[in-house]
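Asks: Here the sequence shown stands for residues 100 to 185, where the numbers follow the working numbering.
Positions of the beta carbon are idealized from the N, C-alpha and C atoms, including for glycine.
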Amino acid sequence: MMANLQHIADRIFRHVDAGHLSVGYALAMGAIIDAYDDDPDFHEWADAVQGSAIEKLIACMVRTGKWDDPVWLREYIREATKESAA
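1. Give me the residue from Arg-162, Thr-163 and Ala-147 with the minimum Cα distance to Ser-183.
2. Is Val-170 buried or exposed, if buried means 16 or more other CB atoms sit within 10 Å of its CB?
3. List the endpoints of the continuous alpha helix (DSSP H) containing Gly-150.
4. Please name the residue in Asp-140, Leu-104, Gly-150 and Gly-123 whose C-alpha comes closest to that of Glu-174.
5. Measuring alpha carbon to alpha carbon, tell me which of Gly-118, Met-128 and Ile-111 ends up nearest Lys-165.
6. Is Ala-130 buried or exposed, if buried means 16 or more other CB atoms sit within 10 Å of its CB?
7. By how many angstroms is the C-alpha of Lys-181 removed from the C-alpha of Leu-104?
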């Protein structure tokens with residue numbers, strides 16, 4: 100089952116608005132939506148993975164403060180793709 104970015108975004112923004120998650124999660128989700136629109140490799144990866152992979156990506160982006168770093172995102176996707184192939 101592929102990730103449903105709209106569903107994930109709705110949940111994240113609802114939890115951020117309620118104060119249950121930090122604003123970093125909204126920033127990360129915004130970066131993911133932008134990457135999905137702008138980066139064909141990310142788009143392909145996001146369409147191929149389960150929602151839990153996107154949620155893990157968001158958590159990593161927030162933990163490392165990398166929600167606005169396309170180089171970091173490309174490296175993350177490259178590593179995630181290698182791990183799933185192994």
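Replies: If we stick to the structure as given:
1. For the purposes of this step, residue 183 is taken as residue 84 along the sequence shown, with counting starting at 1. Considering only alpha carbons, the answer is Ala-147.
2. For the purposes of this step, residue 170 is taken as residue 71 along the sequence shown, with counting starting at 1. With fewer than 16 Cβ atoms within 10 Å of its Cβ, Val-170 is classed as exposed.
3. Against the sequence shown, residue 150 aligns to sequence position 51. First-last of the alpha helix (DSSP H) with Gly-150: 150–163.
4. On the sequence shown, position 75 is the one that residue 174 refers to. For Glu-174, the nearest C-alpha among the options comes from Asp-140.
5. Locating residue 165 in the sequence shown gives position 66, counting from the first residue. Selected option, being the one with the closest Cα: Met-128.
6. Counting from 1 along the sequence shown, the entry for residue 130 is found at position 31. Buried.
7. Here residue 104 refers to the residue found at position 5 when the sequence shown is read from its first residue. Here residue 181 refers to the residue found at position 82 when the sequence shown is read from its first residue. Roughly 22 Å separates the two Cα atoms.
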